[in-house]
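J.: Under this note's numbering, the residues of the sequence shown are numbered 45 to 382, in order. Virtual Cβ for every residue (Gly too), placed ideally from N, Cα, C.
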Amino acid sequence: MPSTDPITLTAECLCKAHIFTTQVPRSQLPLKASVLFCGTCSTPMFFNNPQNPEDPGVFTGCLRNIGTDILRFESHIFVGDTVDGGASVWLQHPNADGSVAKRYAKRSDGEELPPDWPDPSSMAGFDARSEQESLPIHCRCKGVDFRLHRSDYLGKRKEEIPWFIDDKNGKMIASFDACDSCRLQAGIDLFYWTFAEMKNISFRDGVEGKFPGNIKELAAAVDAGDERMGTLGYYQSSPDVHRYFCKTCSAVIFFASDRREEVVDIAVGVLDSADGARAEGFLSWTLGGPVSWAKDFKGGWREGMLERVVDEAEKWRVGRGYPKNRRRIESEEMAGGG
């Protein structure tokens, strides 16, 4: 007989200004998962549907990583908007009970997409580079609106190429991140970053002046209220880290660390690429293998979820015939002592 003993669920933002708890019977677990955000650290916490205002949704990334499987991911909606399937291609089997998270082109009462959607022939692939030499960096409300330019290291020796550029195809590396702070800031369970030299970021077309060339200049421009920075704000999550976001719609934009003065992490989700949400014509994805900060998932319900997602990403990579990218190879060499 299912247990009715209550279990406490806690939702919290990154800066801990907002912490909410509720109790649910264990028999109701796992909960179904399908914006209200902290204005200090940008964590999205609740989704309010005007048609059902008494039943707000909770962003799963702000739930604590307790030792019980509290969620079952049932569906991905509006997958058609991604063009290439986005991260949904490796998020179809995240559940401990083996159930499938179905994918829908729009809402869950509409067209269901097949497991192998989209056709591989429609994707950019590992080697092909898109014709776009720059991509917009913008949030949902476009209060933040910059451009990322391709850095061309093709033909250079590997030792001349930064660690975040794949020496096989010259694309910028994109990777999974299981860091608790990234999870909380974004409100999602697993985050995706790419990395860029700040000299390759500019203001949007038509805006004069040079984009800040290092992280100190970036913070100073935001602090000074430089209009060219738009609605960009930041939260200092540790003494040497600034996490940038849109102050209006909460979208994560940059991660900046004092250890890398002229390089920032860029949230993949704010890149607007014609070939799809994964921007494969611009990015080389680290699929399968070690995930950064996976230790933060240990001991809780996210540990098993991450293992299943990484396994599915590896199967997807192999099925598409993509080779391991530079970061995957180097991570495995380090893990093996090579």
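Pairing CB atoms from the segment 170 to 190 with CB atoms from the segment 288 to 303, are three or more of them under 8 Å?
T.: yes
J.: Check this for me: beta carbons of residue 135 and residue 353, under 9 Å apart or not?
T.: yes
J.: In the DSSP output, which residue or residues are listed as bridge partners for residue 329?
T.: 218
J.: Reducing DSSP to helix, strand and coil, say where residue 114 ends up.
T.: Residue state for residue 114 is assigned as coil, using DSSP reduced to three classes.
J.: Compute the Euclidean distance between the alpha carbons of residue 200 and residue 113, then round it to the nearest angstrom.
T.: 48 Å
J.: Suppose only complete runs of 4+ residues qualify. What are the alpha helix (DSSP H) ranges in the segment 176 to 228, listed by chain order?
T.: none
J.: Could you check what DSSP says for residue 251 in three-state terms: helix, strand or coil?
T.: Coil, per DSSP.
J.: Three-state secondary structure (DSSP) at residue 378?
T.: Correct three-state label for residue 378: helix.
J.: Which same chain residues end up closer than 8 Å to residue 350 when comparing Cβ atoms and leaving out the 5 residues on each side of it in sequence?
T.: 222, 234, 335, 338, 341
J.: Taking contact to mean 3 or more Cβ pairs, one atom from each stretch, closer than 8 Å, check whether the segment 116 to 127 and the segment 149 to 159 are in contact.
T.: yes
J.: Considering only C-alpha positions, which residue in the set 53, 209, 167, 267 is nearest to residue 106?
T.: 53
J.: Quick one, which of 116, 133, 132 has its alpha-carbon nearest residue 141's?
T.: 116
J.: Could you pull out every residue in the same chain whose Cβ sits closer than 8 Å to the Cβ of residue 260, ignoring the five residues on either side in sequence?
T.: 305
J.: What did DSSP end up calling residue 335 once you bin it into helix, strand or coil?
T.: coil
J.: Beta carbon of residue 174, beta carbon of residue 300: below 9 Å?
T.: It is not a contact, given that the beta carbons lie outside the stated cut-off.
J.: How big is the Cα-Cα spacing for residue 132 and residue 303?
T.: Cα-Cα distance, rounded: 32 Å.
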